[in-house]
């Protein structure tokens with residue numbers, strides 16, 4: 017029971033460090049996805065439940081679309097949250113509204129999403145470089161656990 021307590025304490029310290037090293041781009045969901053769970057018996061596991069974390073840790077290769085003709089690359093948070101279908105639908109709705117209102121002189125409606133500013137469609141993208149967040153934290157994790165275990169044993173032997 018005490019051993020689990022020390023492991024859990026160490027996992028909480030590691031979680032704080034890894035959270036600070038995990039990037040927070042638009043939603044912060046990858047950062048919030050770090051969890052400490054008790055597995056079997058005395059084992060404690062620190063894991064990230066986000067699919068994106070695997071790409072951040074190991075990186076990706078340069079690639080193109082699987083099924084579609086082009087890849088949608090959001091450049092702003094607004095475009096990211098809307099997604100490719102949402103962006104296209106919003107722009108079509110805005111152009112339809114501008115056409116139905118009758119072209120008033122001097123009034124030009126801007127689309128809600130601008131190509132090149134909010135998003136781009138492309139045939140290929142470069143891969144992302146691996147960040148090695150977990151790999152770089154392992155030496156710190158070992159040192160932390162060793163210090164906590166030593167402190168725990170010294171307190172027990174007193």
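In the numbering used here, the protein residues as written are 17 to 174. Think of the CB as a built atom: it goes at the ideal place given N, C-alpha and C, for glycine as much as any other residue. Note that the coordinates shown come from a computational prediction; the quantities given were computed from them, not determined experimentally.
Indicate the three-state DSSP secondary structure (helix, strand or coil) for residue 63 in the structure shown. In this structure, residue 63 counts as strand in the three-state DSSP scheme.
From the DSSP output, in three-state form, read off residue 50 for me. Of the three classes helix, strand and coil, the one that applies to residue 50 here is strand, per DSSP.
State whether the region 158-168 contacts the region 78-94, with contact taken as three or more CB pairs (one from each stretch) at a distance under 8 angstroms. The count of Cβ pairs closer than 8 angstroms, one atom from the region 158-168 and one from the region 78-94, stays below three, leaving the stretches out of contact.
From what residue to what residue does the beta strand (DSSP E) around residue 88 run? Counted as a single uninterrupted DSSP element, the beta strand (DSSP E) harbouring residue 88 occupies residues 87-90.
From the DSSP output, read off the bridge partner residues of residue 137. Answer by DSSP bridge pairing, in chain order: 88.
What span of residues does the alpha helix (DSSP H) with residue 153 cover, start to end? Where residue 153 is concerned, the enclosing alpha helix (DSSP H) starts and stops at 149-173.
Those residues which DSSP pairs with residue 79 across a bridge: Under DSSP, the beta-bridge partners assigned to residue 79 are 141.
Cα-Cα separation between residue 152 and residue 52, rounded to whole angstroms: In a straight line, the C-alpha of residue 152 is about 18 angstroms away from that of residue 52.
Simplified DSSP state of residue 130, which is helix, strand or coil: Reduced to three states, the DSSP call for residue 130 is coil.
Measuring CB atoms only, is the region 23-38 touching the region 97-116, in the sense that at least three cross pairs come out at less than 8 angstroms? Cβ pair count under 8 angstroms is below three, so no.
When you compare the CB positions of residue 77 and residue 143, do they come within less than 7 angstroms of one another, or not? Yes, these two residues count as a Cβ contact at 7 angstroms.
Taking the alpha helix (DSSP H) that residue 114 belongs to, which residues open and close that run? Element bounds for residue 114: 93-116.
Since residue 70 is in the alpha helix (DSSP H), which residue starts that stretch and which ends it? Its alpha helix (DSSP H) spans residues 68-74.
Identify whether residue 57 lies in helix, strand or coil by the three-state DSSP scheme. Residue 57 falls in the coil class under three-state DSSP.
Is the region 128-147 in contact with the region 55-75, if contact means three or more CB pairs nearer than 8 angstroms? Segment contact: the region 128-147 against the region 55-75, three or more CB-CB distances shorter than 8 angstroms; contact assigned.
Secondary structure at residue 40, three-state DSSP: helix, strand or coil? Coil at residue 40, not helix or strand.
Whose CA, out of 44, 67, 89, 29, lies closest to the CA of residue 60? Closest by C-alpha distance to residue 60, out of 44, 67, 89, 29, is 29.
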